[in-house]
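Input: a single structure, listed below in structure tokens.
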Amino acid sequence: MQATTVTAADGVNLAVQEWGNPHGPEILFIHGFNQAHLSWLRQVKDPQLAAEFRMITFDLRGHGSSDKPLENERYAHRNWGDDIAAIMRATSLRRPVLVGWSYGGNVICDYVRSFGSEGLAGINFVAGATKADPAFFGSGRALFPDMSSEDLATNIASTGKFIHACFERQPDQQDFETMLAFNMVVPPRVRAALMARPANRGDVLEHIRCPVLVTHGDEDRILLVALGKFTAGAVPGAKLSLYQGIGHAPFWEDAPRFNRELMEFVRLANK
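Just so you know, we're using our numbering here: the sequence shown kicks off at 57 and counts up by one.
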């Protein structure tokens with residue numbers, strides 16, 4: 057892994073990491089709300105993926121090792137799309153596949169809204185937030201208000217419950233502790249700012265003109281499987297891959313299947 061820092065258009069420093077084959081087809085992974093690039097370890101450390109693909113991860117603004125400004129305006133939707141563009145330029149990504157988990161779906165929509173999809177080989181929405189409609193929200197989202205609490209005990213307790221809600225197949229104790237650690241790096245005011253962003257209307261999806269794979273677990277308690285079905289129906293030509301008995305994190309809960317499908321998708325998208 058090679059680590060670097062990319063400065064966004066508004067001066068925020070983003071922690072970026074590069075993995076795998078430097079000459080292979082390109083994948084840019086975008087993690088979810090409250091997470092970090094470490095969410096993707098079962099992908100970037102997979103021997104087959106690493107041998108064939110050039111993989112870029114990063115910590116979203118406000119997350120992980122990236123800068124964490126506290127002003128709400130730093131989390132406006134235009135900044136997310138600008139961040140992806142800045143990373144693509146700085147790492148010389150020519151035509152990547154974007155893989156966006158959960159809140160990463162919002163980030164991809166923000167990028168497409170500002171820059172279009174012409175420069176992308178493809179998009180993989182992984183339990184992706186593509187439209188802010190309460191009809192698509194699962195019971196786990198009820199934890200969000202306490203996750204923005206300035207009371208540390210309340211924050212830790214609700215964040216732990218949120219992590220468990222992300223999985224139908226639960227992580228072991230060591231993985232859970234790692235996840236709790238990088239979730240707690242995100243300040244409460246940043247969490248609140250992310251939730252305060254303008255609602256994603258889902259209007260961008262019909263304008264996507266690159267191959268799209270929609271991956272969703274049918275036991276997702278954060279964003280219901282109905283959202284995955286909506287996304288697949290809204291994007292022209294999108295393919296839907298449903299994971300039976302899997303929660304909000306199919307890339308973690310069934311990494312072998314996810315990695316296999318991602319490899320196949322990236323290969324096809326680059327033909």
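Glycine is no exception: its CB is placed at the ideal position from the N, C-alpha and C atoms.
Can you tell me which residues form a DSSP beta bridge with Met-111?
Trp-75 and Ile-83
How long is the line joining the alpha carbons of Ala-198 and Tyr-167, rounded to whole angstroms?
28 Å
For a test of the three-state rule: what should DSSP assign to Phe-89, helix, strand or coil?
coil
Give the DSSP-derived three-state secondary structure of Lys-285 in the structure shown.
helix
Short of 6 Å in beta carbon distance, which residues of its chain neighbour Leu-269, apart from the five on each side in sequence? Order them along the chain.
Asn-180, Lys-295 and Phe-321
Would you mind listing the alpha helix (DSSP H) stretches within the stretch 184 to 269 that are 4+ residues and don't spill past its ends, in chain order?
200 to 203, 208 to 221, 229 to 240 and 244 to 251
Beta strand (DSSP E) containing Asn-180: first to last residue?
178 to 182
Indicate whether the contact test is met: 3 or more Cβ pairs, each with one atom in the stretch 109 to 116 and one in the stretch 75 to 86, closer than 8 Å.
yes
Can you determine whether any heavy atom of the ligand SAH sits closer than 7 Å to the C-beta of His-87, and answer yes or no?
Ligands displayed in this structure: none; no statement on the ligand SAH is therefore possible.
Simplified DSSP state of Gln-104, which is helix, strand or coil
helix
Candidates Arg-253, Leu-176 and Phe-89: closest to Gly-120 by CA position
Phe-89
Can you look up Ser-170 in the DSSP assignment and give me helix, strand or coil?
helix
Simplified DSSP state of His-304, which is helix, strand or coil
coil
Going by Cα to Cα distance, which pick from Gln-104, Ala-191, Arg-98 and Tyr-131 is closest to Ala-65?
Tyr-131
Please give me, in chain order, every unbroken run of the alpha helix (DSSP H) with length at least 4 that falls completely inside the stretch 119 to 153.
133 to 146
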